[in-house]
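Q: I'd like to ask you about the structure that follows.
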Amino acid sequence: MARKAHAVVASAAVLTVLFAWAGLLGLGRLTNSGFLPDDAPLIADNARLSAHYGAGSPDLVLLARADEGADSAPAAREGQALQERLSRARGVVTATSYWSSGDPALRSRDGRTALITVDLVENEGAATQAARDLVPTLTGRHGPLRVQATGPAWMSEQGMRQSRRDLLVGELIAVPLSTVVLLFVFRSLVAALIPLLTGAVAVTGTLACLAALTYVTEISVYAANITCALGFGLAVDYGLFVVTRYREEKAAGADGRQAVLRSRRTAGRAVAVSAGVVALSLCALFVFPFGFIRSVATAGILVALGSAAAALWLVPALLSVCGPHLDRWDVFARLRRRGPPTAAPAVVGEESRTWRRIGLAVCRHPLSFAGAAVALLALMALPFAHAAFAPSDARVLPAGSEAHRAQLLLESQFPRAPARVVTVGLPPGTGPAALEDYARKASALPGAADVRTTDGLYRAGWPAPQPAPQPVPGTATAAPAPAGPLLTVTTRSDRTTGQSGQLVRALRDLPAPGGRSLVTGEAVRVVDTADTLSGALPLAGALAAAVTMLALAWFTRSVLIPLKAVAVAALSLSACVGCIVFVFQDGHLRTLLGDFTVSGTVDGSVVLFVLVVAYALSVDYEVFLLSRIREEYLTAKDNTTAVVRGLQRTGRLITAASLIVMSAMAALAASGVTLLKVVGVGLAVGILVDATLVRGVLVPALMTLAGRWNWWFPAWRRARPAQDRRSTPAEPEGADHAR
Numbered sequence: 168m169a170r171k172a173h174a175v176v177a178s179a180a181v182l183t184v185l186f187a188w189a190g191l192l193g194l195g196r197l198t199n200s201g202f203l204p205d206d207a208p209l210i211a212d213n214a215r216l217s218a219h220y221g222a223g224s225p226d227l228v229l230l231a232r233a234d235e236g237a238d239s240a241p242a243a244r245e246g247q248a249l250q251e252r253l254s255r256a257r258g259v260v261t262a263t264s265y266w267s268s269g270d271p272a273l274r275s276r277d278g279r280t281a282l283i284t285v286d287l288v289e290n291e292g293a294a295t296q297a298a299r300d301l302v303p304t305l306t307g308r309h310g311p312l313r314v315q316a317t318g319p320a321w322m323s324e325q326g327m328r329q330s331r332r333d334l335l336v337g338e339l340i341a342v343p344l345s346t347v348v349l350l351f352v353f354r355s356l357v358a359a360l361i362p363l364l365t366g367a368v369a370v371t372g373t374l375a376c377l378a379a380l381t382y383v384t385e386i387s388v389y390a391a392n393i394t395c396a397l398g399f400g401l402a403v404d405y406g407l408f409v410v411t412r413y414r415e416e417k418a419a420g421a422d423g424r425q426a427v428l429r430s431r432r433t434a435g436r437a438v439a440v441s442a443g444v445v446a447l448s449l450c451a452l453f454v455f456p457f458g459f460i461r462s463v464a465t466a467g468i469l470v471a472l473g474s475a476a477a478a479l480w481l482v483p484a485l486l487s488v489c490g491p492h493l494d495r496w497d498v499f500a501r502l503r504r505r506g507p508p509t510a511a512p513a514v515v516g517e518e519s520r521t522w523r524r525i526g527l528a529v530c531r532h533p534l535s536f537a538g539a540a541v542a543l544l545a546l547m548a549l550p551f552a553h554a555a556f557a558p559s560d561a562r563v564l565p566a567g568s569e570a571h572r573a574q575l576l577l578e579s580q581f582p583r584a585p586a587r588v589v590t591v592g593l594p595p596g597t598g599p600a601a602l603e604d605y606a607r608k609a610s611a612l613p614g615a616a617d618v619r620t621t622d623g624l625y626r627a628g629w630p631a632p633q634p635a636p637q638p639v640p641g642t643a644t645a646a647p648a649p650a651g652p653l654l655t656v657t658t659r660s661d662r663t664t665g666q667s668g669q670l671v672r673a674l675r676d677l678p679a680p681g682g683r684s685l686v687t688g689e690a691v692r693v694v695d696t697a698d699t700l701s702g703a704l705p706l707a708g709a710l711a712a713a714v715t716m717l718a719l720a721w722f723t724r725s726v727l728i729p730l731k732a733v734a735v736a737a738l739s740l741s742a743c744v745g746c747i748v749f750v751f752q753d754g755h756l757r758t759l760l761g762d763f764t765v766s767g768t769v770d771g772s773v774v775l776f777v778l779v780v781a782y783a784l785s786v787d788y789e790v791f792l793l794s795r796i797r798e799e800y801l802t803a804k805d806n807t808t809a810v811v812r813g814l815q816r817t818g819r820l821i822t823a824a825s826l827i828v829m830s831a832m833a834a835l836a837a838s839g840v841t842l843l844k845v846v847g848v849g850l851a852v853g854i855l856v857d858a859t860l861v862r863g864v865l866v867p868a869l870m871t872l873a874g875r876w877n878w879w880f881p882a883w884r885r886a887r888p889a890q891d892r893r894s895t896p897a898e899p900e901g902a903d904h905a906r
């Protein structure tokens with residue numbers, strides 16, 4: 168890379184342009200699907216109910232409002248015409264309206280708004296495409312009706328549009344913030360540009376790979392946002408680490424070529440290990456059968472490996488070309504507070520007096536500092552105890568979006584909104600007596616408000632009076648006969664509560680006459696998602712922990728340090744989830760983050776992704792801290808000295824790196840989509856806690872308490888001293904590695 172530096176830089180420029188072009192072309196092929204588990208019982212049940220009963224869970228809900236009332240003749244004629252158009256439209260399986268069924272549950276409390284529920288094709292991506300084509304022609308003014316749209320398919324489409332806008336806005340935020348941080352820590356425009364160029368190569372390369380993958384599988388639109396935020400942070404961090412080590416070697420007297428080789432051999436090795444751990448940790452996400460999670464995992468793996476490749480391939484070439492000019496053009500020179508004339512300005516990578524004082528204080532009183540850090544992390548994790556997880560709905564979109572407004576109107580004006588209805592289909596051939604017996608038992612289940620059949624209404628195990636459906640004059644009331652009896656169960660509470668979940672499980676366990684019942688609805692979606700996440704979580708956690716321990720054991724030649732790293736990461740991640748629950752579920756700090764709708768729950772799949780990425784980033788900083796402590800220990804042979812000097816040498820570096828990643832996360836936190844806001848805020852908090860409280864206090868305290876046991880390793884491995892020497896630069900015997 169050093170010998171062919173100009174050729175490497177030129178080829179990188181050409182590839183970046185090609186990658187950017189391919190990535191932009193591929194953005195239109197991204198989807199907003201994959202939030203349901205692939206093997207969920209809901210998917211099969213909903214498909215059969217839709218095909219044979221005409222009663223699947225609606226993918227699209229149209230709210231048609233008439234000032235003269237939904238029962239007026241003009242409104243009825245226009246509503247029936249809309250439904251007939253929908254029934255013939257491509258991608259529509261069934262369409263049901265108040266005017267065709269006469270069901271009073273499809274009319275609002277004030278009598279002015281009526282519903283048209285639409286079941287689209289089962290594939291999430293195809294349903295979103297169908298909604299994209301249909302809704303613009305159906306919404307707005309239609310004679311006496313004003314039509315709005317909501318539902319999962321339209322929410323998905325509006326989420327994609329908002330995500331693409333946020334992608335551009337996010338980069339306009341992240342790049343300037345990261346540039347400012349790099350200018351302050353490097354005190355040189357030339358040095359600051361090298362990590363930025365590394366980030367550009369890594370991000371555009373990953374977007375190009377995602378664009379290619381869209382031709383063989385569905386890739387979530389949120390994978391592009393994650394690529395830009397995580398990729399820019401990781402790649403800039405990796406470039407920062409290599410450039411910082413290059414400066415250290417130059418300050419120690421090495422010439423340009425030697426400095427490039429030594430920085431690549433030391434910091435470059437740490438970059439490679441870190442990227443490998445991040446990528447392998449993200450592989451644990453493939454355990455979860457969610458298309459969304461797998462998409463963002465793929466993006467994370469590609470961008471981690473791409474960031475490392477750029478740092479090991481492009482940065483050495485850039486250093487060879489720009490090395491003589493690396494310290495030029497300090498943009499903020501006049502804004503800095505001047506020290507004594509003889510004092511050199513402190514830059515990232517130099518020994519930090521502040522971090523040295525912190526390290527000495529922690530090593531003098533390790534038990535006190537460790538106890539205080541654990542107590543603070545436990546306090547931050549307290550909200551985790553009342554966390555409630557549920558899939559997202561239209562409320563994750565900005566409050567001004569059509570799907571969000573229509574969702575709120577639906578929930579306020581319709582007592583039997585889709586979020587509170589569970590549809591049950593019984594096997595064909597079920598007789599009236601068996602149907603009544605089943606309906607009685609279902610209505611007596613905890614959490615059931617009532618059960619409706621074609622013949623009656625049941626509450627608390629007994630028949631209840633109900634008004635007969637009233638056909639609207641001038642409309643058709645006949646509907647295709649379903650394959651078997653159909654029941655609608657209205658829940659007492661929202662789909663996200665534990666009571667609704669218990670009701671769904673009880674309905675599935677309730678013996679159906681003549682075979683298995685088919686159950687669908689929003690509450691069922693919550694149950695299937697939660698069950699799938701909780702079932703796969705132990706295996707995913709075990710895989711991520713095993714990968715980390717094996718990689719760190721190989722890297723540090725220690726048994727205790729990997730165990731400590733996993734335990735500390737678990738405590739740090741609990742604090743991260745606690746903050747997410749405190750902000751997004753409980754609704755605190757809304758004004759600081761750009762107002763969002765508090766639904767009382769958080770999306771479990773999104774929180775899971777935050778945990779995995781935060782875990783990978785925590786291991787990233789752990790690797791760089793431990794690599795320096797290891798170097799110091801091999802030189803000084805004293806654990807406490809190694810801990811203090813390692814913290815002193817990396818404290819400012821890790822602080823700068825965390826600020827850069829937090830700048831990238833700020834772009835996601837500014838998003839109008841709550842899902843992306845959760846990712847940005849959750850990762851920013853996790854990085855802040857990890858870079859300060861964990862790496863600055865808890866890890867040094869625990870390593871001080873462990874003493875020489877930190878470096879115990881089985882004798883068969885200690886017999887290979889050449890492996891230890893790989894963690895230090897190749898220098899003459901007796902060289903001072905502690906400089």
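So the mapping is simple: the numbering used here equals the position in the sequence shown, first residue as 1, plus 167. Ideal Cβ positions, reconstructed from N, Cα and C, are used throughout, including at glycine. Predicted model, so just to flag it, every value in this text is computed and none were measured.
Please report the distance separating the alpha-carbon of G651 from that of L593.
A: If I take the Cα positions, the gap works out to 6 Å.
Q: Going by Cα to Cα distance, which pick from E569, S487, L575 is closest to R328?
A: For the residues E569, S487, L575, the minimum Cα distance to R328 belongs to E569.
Q: For V852, collect the residues of the same chain with a Cβ closer than 7 Å to its Cβ; drop the 5 residues on either side in sequence, then sort them by chain order.
A: Same-chain partners within the cutoff: C743, C746.
Q: From C489 to A437, what distance separates their C-alpha atoms?
A: Their Cα atoms are separated by approximately 23 Å.
Q: Taking the continuous alpha helix (DSSP H) assigned at T127, which residues delimit it?
A: Nothing about residue 127 can be read from this structure; the chain reaches only from 168 to 906.
Q: Exposed or buried, W721, counting other C-beta atoms within 10 Å across all chains shown (16 or more means buried)?
A: Result: exposed.
Q: Between A783 and V440, how many whole angstroms is the CB-CB distance? I'm expecting something under 8 Å.
A: About 12 Å; that fails the 8 Å criterion.
Q: Determine the burial state of A734: buried for a count of at least 16 other Cβ atoms within 10 Å of its Cβ, exposed for fewer.
A: A734 should be labelled exposed.
Q: Taking the beta carbon of H173 as the centre, do at least 16 other beta carbons fall within 10 Å, making it buried, or is it exposed?
A: Exposed is the call here.
Q: For my contact list, V228 and P585 are in at a C-beta cut-off of 8 Å; report their separation, rounded to the angstrom.
A: The Cβ separation is near 7 Å, so the contact holds.
Q: Taking the alpha-carbon of M322 as reference, which of A242, A298, P491, D404 has the nearest alpha-carbon?
A: Here the closest residue by C-alpha is A298.
Q: Between L670 and L612, how many whole angstroms is the CB-CB distance? I'm expecting something under 8 Å.
A: Yes, L670 and L612 are in contact; Cβ-Cβ is about 6 Å, under 8 Å.
Q: Kindly indicate which three-state DSSP category R884 falls into: helix, strand or coil?
A: Below a pLDDT of 50, predicted positions are generally treated as unreliable, and R884, at 45, falls in that range; the measurement from the model is reported next regardless. Note: R884 maps to helix in three-state DSSP.
Q: By Cβ distance below 6 Å, which residues in the same chain neighbour A712 in space, the five residues on each side in sequence not counted?
A: Within the same chain, A712 has close Cβ partners V733.
Q: Pick helix, strand or coil for P649, following the three-state DSSP scheme.
A: Three-state DSSP puts P649 in coil, outside helix and strand.
Q: Does the beta-carbon distance from A358 to L710 come in below 7 Å?
A: In this structure, L710 does not lie closer than 7 Å to A358 by Cβ.
Q: Looking at the secondary structure, which residues open and close the alpha helix (DSSP H) in which H571 lies?
A: It spans 569-580 - the alpha helix (DSSP H) in which H571 sits, taken as one unbroken run.
Q: Between which two residues does the beta strand (DSSP E) containing T284 stretch?
A: T284 -> beta strand (DSSP E) spans 280-287.
Q: Tell me Y625's beta-bridge partners as DSSP assigns them.
A: Partner(s): V618, P630.
Q: Could you give the first and the last residue of the continuous alpha helix (DSSP H) run that contains R431?
A: Start and end: 423-450.
Q: Which of the three DSSP states, helix, strand or coil, is assigned to L493?
A: DSSP places L493 in coil when its eight states are reduced to three.
Q: In terms of DSSP beta bridges, what is F457 paired with?
A: Note: F457 sits in a beta bridge opposite P204.
Q: Tell me which same chain residues have a C-beta within less than 6 Å of the C-beta of L778, skipping the five on either side of it?
A: Only L740 meet the Cβ criterion.
Q: Would you call K171 buried or exposed, if buried means 16 or more other Cβ atoms sit within 10 Å of its Cβ?
A: Per the 10 Å Cβ criterion, exposed.
Q: Where does S519 fall in DSSP's three states?
A: Coil, per DSSP.
Q: Quick one: using the 10 Å Cβ neighbour count with 16 as the cut-off for buried, is K804 buried or exposed?
A: Per the 10 Å Cβ criterion, exposed.
Q: Label H553 either buried or exposed according to how many other C-beta atoms from any shown protein chain fall within 10 Å of its C-beta, with 16 as the threshold for buried.
A: Label assigned to H553: exposed.
Q: If I measure Cβ to Cβ from L380 and keep anything under 8 Å in the same chain, skipping five residues before and after, which residues do I get?
A: Once the five neighbours on either side are set aside, the close Cβ partners of L380 are I386, T465.
Q: Using 10 angstroms around the beta-carbon of A179, count the other beta-carbons present and answer buried if the total reaches 16, otherwise exposed.
A: Label assigned to A179: buried.
Q: Where does H309 fall in DSSP's three states?
A: Reduced to three states, the DSSP call for H309 is strand.
Q: Can you confirm whether the segment 794-804 touches the segment 825-837 when touching is taken to mean that 3 or more C-beta pairs between the two stretches lie within less than 8 Å?
A: Taking 8 Å as the limit for Cβ pairs, the verdict is that the segment 794-804 does not touch the segment 825-837.
Q: DSSP three-state label for G538, please.
A: Of the three classes helix, strand and coil, the one that applies to G538 here is helix, per DSSP.
Q: Between the alpha carbons of G467 and G398, how many angstroms are there, rounded?
A: Cα to Cα, G467 sits roughly 8 Å from G398.
Q: Taking the DSSP output, what are the residues bridged to R232?
A: BP columns for R232 point to T280, R313.
Q: Please determine if the segment 397-412 and the segment 345-365 are in contact, where contact requires at least 3 C-beta pairs separated by less than 8 Å.
A: With a cut-off of 8 Å, the segment 345-365 and the segment 397-412 count as touching, because enough Cβ pairs lie within range.
Q: Return the chain-ordered list of same chain residues with a C-beta closer than 7 Å to the C-beta of L577, the five sequence neighbours on each side being excluded.
A: Answer for L577: V228, L230, T317, A584, listed in chain order.
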